[in-house]
Amino acid sequence: MFLHLGGETVVLKEDIIAILDIRTKQAVSTREFMEISSDEGFIRQISESGKEKSIVITTKDIYISPISCSTLKKRAASEIGIIDEL
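Numbering that gives the first Met the number 0 puts the first residue of the sequence shown at 0, with every later residue one more than the last.
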C-alpha cells in the first residue's frame, strides 16, 4: 500500500523507516543526521518553507512533509483498518 505524504508525493508503506515530528530537528543527533543527509542529496522538500510538520525517513529518501506525524499515522492505520491510541 501507499501513503500520501503531501503534494503529489506518495511512498510505499513498506519503505518507511520512521516518521518524526519536525521539532526533533532541534536534537543534536537529528540535526547532524539531517545535515549529512542533505549533503548527500537524500532530502526531498515537499512542503512550503515554514509549513514543515514532519520528517519521513524511507529506505531511499528523506521527505520533509507538510502533514503532521499523527495525521500520517492515522492515514497509514486507517488503510489497513487498524487505529491505535496516539
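Glycine included, C-beta positions come from ideal geometry on N, C-alpha and C.
Values in this document were obtained by computation on a predicted structure and should not be read as measured data.
Starting from residue i, follow the alpha helix (DSSP H) in both directions and report where the run begins and ends.
{"i": "ARG30", "result": "27-39"}
Which residues bound the beta strand (DSSP E) around residue i?
{"i": "ILE45", "result": "Careful: ILE45 lies outside any beta strand (DSSP E) and carries neither H nor E."}
{"i": "ILE66", "result": "Per DSSP, ILE66 belongs to no beta strand (DSSP E) and is neither H nor E."}
{"i": "ASP20", "result": "15-20"}
{"i": "GLY5", "result": "1-5"}
{"i": "THR8", "result": "8-11"}
Please report the distance separating the alpha-carbon of residue i from that of residue j.
{"i": "ILE35", "j": "ILE18", "result": "18 angstroms"}
{"i": "ILE63", "j": "ILE56", "result": "9 angstroms"}
{"i": "PHE87", "j": "ASP60", "result": "In the structure as shown, the chain begins at 0 and stops at 85. Residue 87 is therefore absent and cannot be evaluated."}
{"i": "VAL10", "j": "ALA76", "result": "15 angstroms"}
{"i": "PRO65", "j": "GLY49", "result": "9 angstroms"}
{"i": "ILE15", "j": "LEU71", "result": "11 angstroms"}
{"i": "VAL27", "j": "MET33", "result": "10 angstroms"}
{"i": "PHE41", "j": "ARG74", "result": "24 angstroms"}
{"i": "LYS12", "j": "SER67", "result": "16 angstroms"}
Residue i bridges to which residues according to DSSP?
{"i": "THR58", "result": "Bridge partners of THR58: none, in fact."}
Original post:
Within the chosen definition, does the region 4-11 reach the region 23-32 through at least 3 CB pairs nearer than 8 angstroms?
Top reply: no
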